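First residue of the sequence shown: 74, per our numbering; consecutive thereafter.
Note that CB positions come from ideal geometry on N, CA and C, so glycine has one too.
Owing to the predicted nature of the structure, the values given are computational and were not obtained by experimental measurement.
Data first, discussion second: the structure below is written as structure tokens.
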Amino acid sequence: MTPSKPLLNTEQTAEAIGTSKSWLEHARQKGTGPKYLKIGANVRYRPEDVAAWLEQQARSRIWQFDGEAA
Numbered sequence: 074m075t076p077s078k079p080l081l082n083t084e085q086t087a088e089a090i091g092t093s094k095s096w097l098e099h100a101r102q103k104g105t106g107p108k109y110l111k112i113g114a115n116v117r118y119r120p121e122d123v124a125a126w127l128e129q130q131a132r133s134r135i136w137q138f139d140g141e142a143a
């Protein structure tokens, strides 16, 4: 199976979402960042998973809590 879009590495993903590589690594360790693939020693991100994660981060007001409707 060949991915429809090239996979992104950590640096490319951090740049795409406007954050630092270390923030993304920390979010990955906490389980709060985008889904990722572990291929041998390499971490890769599918662009569609990054886009889906970004969409989940959208908020309609300042004090919106997890699980609360937007």
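Quiz item: Can you tell me whether residue 107 is buried or exposed, with buried defined as 16 or more other CB within 10 angstroms of its CB?
Solution: The residue you call residue 107 lines up with position 34 of the sequence shown. Looking at its Cβ environment, which holds 16 or more other Cβ atoms inside 10 Å, residue 107 is buried.
Quiz prompt | Of the listed residues 120, 79 and 111, nearest to residue 90 (C-alpha basis) | solution = In the sequence shown, the residue the question calls residue 90 occupies position 17. Per the Cα distances, 120.
Quiz prompt | Cβ separation of residue 94 and residue 87, assumed to be a contact under 8 Å, to the nearest whole Å | solution = By 1-based counting over the sequence shown, the position of residue 94 is 21. By 1-based counting over the sequence shown, the position of residue 87 is 14. Yes, residue 94 and residue 87 are in contact; Cβ-Cβ is about 5 Å, under 8 Å.
Quiz item: When every heavy atom of the ligand PLP is checked, does at least one fall within less than 7 Å of the C-beta of residue 102?
Solution: With respect to the ligand PLP, the structure offers nothing, as it holds no ligand at all.
Quiz item: Quick one: is residue 110 buried, meaning 16 or more other Cβ sit within 10 Å of its Cβ, or exposed?
Solution: The residue labelled residue 110 in the question sits at position 37 within the sequence shown. Looking at its Cβ environment, which holds fewer than 16 other Cβ atoms inside 10 Å, residue 110 is exposed.
Quiz prompt | Cβ neighbours of residue 117 in the same chain (closer than 7 Å, five flanking residues each side left out) | solution = Here residue 117 is taken as the residue at index 44 of the sequence shown, counted from 1. Same-chain partners within the cutoff: 80, 81, 82, 109 and 110.
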